[in-house]
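> If you're matching positions, the sequence shown starts at 19 in my numbering and goes up one per residue.
Ideal Cβ positions, reconstructed from N, Cα and C, are used throughout, including at glycine.
Quick caveat: nothing in here was measured; it's all calculated off a predicted structure.
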Amino acid sequence: MCFKGSTFLMYMIKITEKQRDDCIQYAQDLIRSGKQFNRYDQPEYTQVKRTALGKMGEVAFYNLLTESGIESDYKKILTILPHADSFDFLMPNGNYKIDIKTIKSNHRYLLVPKDQSPKDIYICIQMSGLEAYLCGYKWYNDLILETDEQLSNRMPEGRCFNSTLDVLKDVSLLLKYWYF
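1) Are the beta-carbon atoms of V130 and L161 separated by less than 8 Å?
2) By DSSP, does Q144 sit in helix, in strand, or in coil?
3) Sorted by chain position, which residues of the same chain lie with C-beta nearer than 6 Å to A70's C-beta, five sequence neighbours on each side aside?
4) Within 10 Å of its beta-carbon, does Y29 have 16 or more other beta-carbons around it, so buried, or fewer, so exposed?
5) Are the Cβ atoms of K156 and K115 separated by less than 8 Å?
6) So, under 8 Å CB-CB, M145 and T182 are touching, yes? Tell me the CB distance rounded to an integer number of Å.
7) Can you tell me where the alpha helix (DSSP H) with V66 in it begins and where it stops?
8) Tell me the DSSP secondary structure of I88 in three-state form.
9) Within 10 angstroms of its Cβ, does G23 collect 16 or more other Cβ (buried), or is it exposed?
10) Does DSSP put I95 in a helix, a strand or coil?
11) Could you give the first and the last residue of the continuous alpha helix (DSSP H) run that contains S51?
12) Taking the beta strand (DSSP E) that K183 falls in, what are its first and last residues?
13) Who pairs with D117 in a beta bridge, going by DSSP?
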C-alpha cells in the first residue's frame, strides 16, 4: 500500500506479531552471543531494542519482496552468522549489496555510520509498531558525509553519511529492476 507523505511517497508493509517476536529473540541471542559490535557503548537492553528494530525493518523488506513475487529466505534473515553480515539482501545478479536502515517514526534521516563498510544500496524503513513505511532508497555514492556541526551533535551516531527522507528514490523502482 502506498500513501503520500508531506512531500514524498511511502509504502506501508505490515509485519506479524510472530515476526516481531522472532526479531526480538534474534536480537537477544545476537547480543548475548557477543557477536554484535556495540558501536555506541550501550547497555544490553538498549542494544537488544536497537537490533530488534533493525531486524524488523529487514523482515518488512522481506515481506515486500514476498508480496511482490520475489523469493527470499526468511530463515536466513534470522540466522546469526559467525561474522558480521556484509549485507542484508543481495540482488539476484550478485552485483549489488543492499543494507536496510530502520528508523523510528520520529526520525527524519537515513543514516549510515562513517565507520561501517559501504554497501551499494541503502533502503530506509520507518517502523511504527507492526507497520513499516518504506521511505525509499539511495545509492551509497549519493549519500552525503555530514559536516554540519549542529546536526552531528544531535546524532548519537556522530559523523555519518546521510540523506533526508524527502530525496530518497521510490522503492518500486528498485523492485522493478530487481532482476537486472
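So, from the data block:
1) yes
2) DSSP places Q144 in strand when its eight states are reduced to three.
3) C41, I42, A45
4) buried
5) no
6) Not really, about 18 Å apart at Cβ, beyond 8 Å.
7) Looking at the DSSP string, the run of the alpha helix (DSSP H) that includes V66 is 62-85.
8) Here I88 sits in coil by DSSP.
9) Caution is warranted here: a pLDDT of 47 is assigned to G23, below 50, making its placement in the model unreliable, and the coordinate value is therefore given only provisionally. Answer is exposed; the Cβ neighbour count stays below 16.
10) helix
11) 35-51
12) It should be noted that the sequence gives Leu, not Lys, for residue 183. Where L183 is concerned, there is no enclosing beta strand (DSSP E), because DSSP gives it neither an H nor an E.
13) Here D117 is bridged, per DSSP, to Y140.
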